[in-house]
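When we follow the numbering used here, the leftmost residue of the sequence shown carries the number 45, and every step to the right adds one.
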Amino acid sequence: MKVLVIGSGGREHALAWKLAQSPAVEEVLVAPGNAGLMHEACVRNAPVAATDIEGLLQLVRREQVALTVVGPEAPLALGVVNAFRTAGLRCFGPTREAAQIESSKAFAKDFLRDHRIPTADYAVFSELAPALAYVRKRGTPIVIKADGLASGKGVVVATSQAEAEAALHNMLGNGSLGEAGARVVVEDFLEGEEVSFMALCDGKHALPLASSQDHKRRDDGDRGPNTGGMGAYSPAPVMTASVEAQVMSRIIRPTLAGLAEAGMPFTGFLYAGLMVSPDGTARVVEFNARLGDPETQPLLLRLDSDLVQLIELALDGRLDEGHVAWDPRPALGVVLAAHGYPAEVRTGDEISGLDFPLPPDVKLFHAGTCLSEDGRIVSCGGRVLTACALGETLSVAREAAYAALSHVRLDGSFCRHDIGFRALHR
Ligand code: AMP
Ligand code: GLY
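Listed below in structure tokens is the structure:
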């Protein structure tokens, strides 16, 4: 069969690469894809934007695609799954309604409170004055979050009163994030270690995937601004078997049950960003209605099961029969970011060294790479590549991932040098 992956990032490169390995798959199309996918076996880019739902429907009909997998949040929030279902097409991801768990932080927080799922205490505001009063009463550190989708730029972890007030002035006063910041969630700061936990869901059942940990800040030592993610590894040692059991029973299953009860059953990849406190209690920091990027890249290097089979089971509501097999070795991925990321990014710079031969179990996943008119590979996005490797130990995987990146040349680019530090320093 033919499969379509919607999106163009490192997550989508990894998805396409993994799906193409399934014996059931003849070809994977990626819309719009990136320059790295041109060299993958049985993979083809299709020039349709990820948010052009009508164009995607036409592509799927023209190419007789049997299964579509949605990568990023924007098409989900626009209702791509609703449109495909209405057209009688198989598309893996949540509906627009279920995707609100990510697209509206206020929706997600109210949902968590109503279902008594552990998360930070909070309040929602659309007016500046009461928000300022709340922050003054509550004290710092405190976290200010834009309600809507803001590509990782809508969260300010404020350590001082001045910083908290500036964030509120920006979002509610000056409208700096537009519609996304017209409502804000103000929530208590949670202490602990963050972990990413994803599960395949079929509306009723959840099949957990291996744990992973992201590095959201731009600079070494978790400093600098928040980004979409500068690197990740799997598994995350903080996610012990007992923490996982607690997360399944207190967070994932109640979330699925609550969404189903509300008439918006969740089918797709459910991502819970968790904070595990020093006493081992996990609380929800955020939900995403999709796989994480860059967590997916090392995660899929470790996946031994056939991903197409798992997704088909989910679409048939039979995940209770599913089983996921993992390579026991850890995997780690390092993001190469373009000059200026996560603020104004410079694009159009040539990237060289991409064809350097890599050892087995090492993979360069592309993201912001495009083909220029004269046939060179140039940068065209903030996160350009994720270099990933499996290793007998995490430090072996890390050496191999950084070694793979060392052959790549892109003017002005940078990466973090300490991916995996938490697990390695344990
Ligand atoms: P979010 O987009 O909600 O995941 O927030 C981005 C990042 O801000 C998270 O990955 C955390 O590092 C941090 N963060 C968000 N909410 C909290 C919180 N309540 N307590 C501590 N850190 C937080
Ligand atoms: N890496 C975090 C995310 O995908 O939202």
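Glycine included, each C-beta is placed from N, C-alpha and C at the ideal position.
For residue 189, the Cβ falls inside the 7 Å cut-off from some heavy atom of the ligand AMP. With fewer than 16 other Cβ atoms inside 10 Å of its own Cβ, residue 450 counts as exposed. In the structure shown, residue 223 falls within a helical segment according to DSSP collapsed to helix, strand and coil.
For the set 66, 53, 199 and 118, the Cα lying nearest the Cα of residue 89 is the one of 53. For the ligand GLY, no non-hydrogen atom lies closer than 7 Å to the CB of residue 418. Taking the Cα positions, residue 166 is about 30 Å away from residue 279. Residue 260 has its Cβ nearer than 7 Å to a heavy atom of the ligand AMP. By the neighbour-count criterion, in which 16 or more other beta carbons inside 10 Å mark a residue as buried, residue 189 falls on the buried side. In its chain, beyond the 5 residues on either side, 259, 379 and 460 have a beta carbon closer than 6 Å to the beta carbon of residue 274. DSSP, read as helix, strand or coil, puts residue 155 in helix. Nearest neighbour of residue 390 by Cα position, chosen from 178, 417 and 426, turns out to be 426.
In this chain, residue 141 is not harboured by any alpha helix (DSSP H), its DSSP state being neither H nor E. Annotation for residue 425 indicates a beta carbon at 7 Å or more from all heavy atoms of the ligand GLY. Measuring C-alpha to C-alpha distances from residue 143 to each of 155, 211 and 341 identifies 155 as the nearest. The three-state secondary structure of residue 193, taken from DSSP, is coil. In the structure shown, the three-state DSSP call for residue 374 is coil. Contact between residue 78 and residue 432 is absent: CB atoms are separated by about 15 Å, not below the 8 Å threshold.
Residue ranges of uninterrupted beta strand (DSSP E) with 3 or more members, entirely inside the segment 235 to 269 and ordered along the chain, are 237 to 246, 250 to 252 and 261 to 263. Residue 237 and residue 322 have their C-alpha atoms spaced approximately 8 Å apart. A distance below 7 Å between beta-carbons, with the five flanking residues on each side excluded, links residue 372 to no residue of its chain. Shown here, residue 332 sits in a strand according to DSSP, grouped into three states. Of the candidates 160, 464, 161 and 151, the residue whose Cα lies closest to the Cα of residue 168 is 151.
Taking a contact as a CB-CB distance under 8 Å, the pair residue 254 and residue 370 counts as one, their CB atoms being some 5 Å apart. Sequence-distant partners of residue 453 (beyond 5 residues in either direction) whose C-beta falls short of 8 Å from its own C-beta, in its chain, are 395, 396 and 397.
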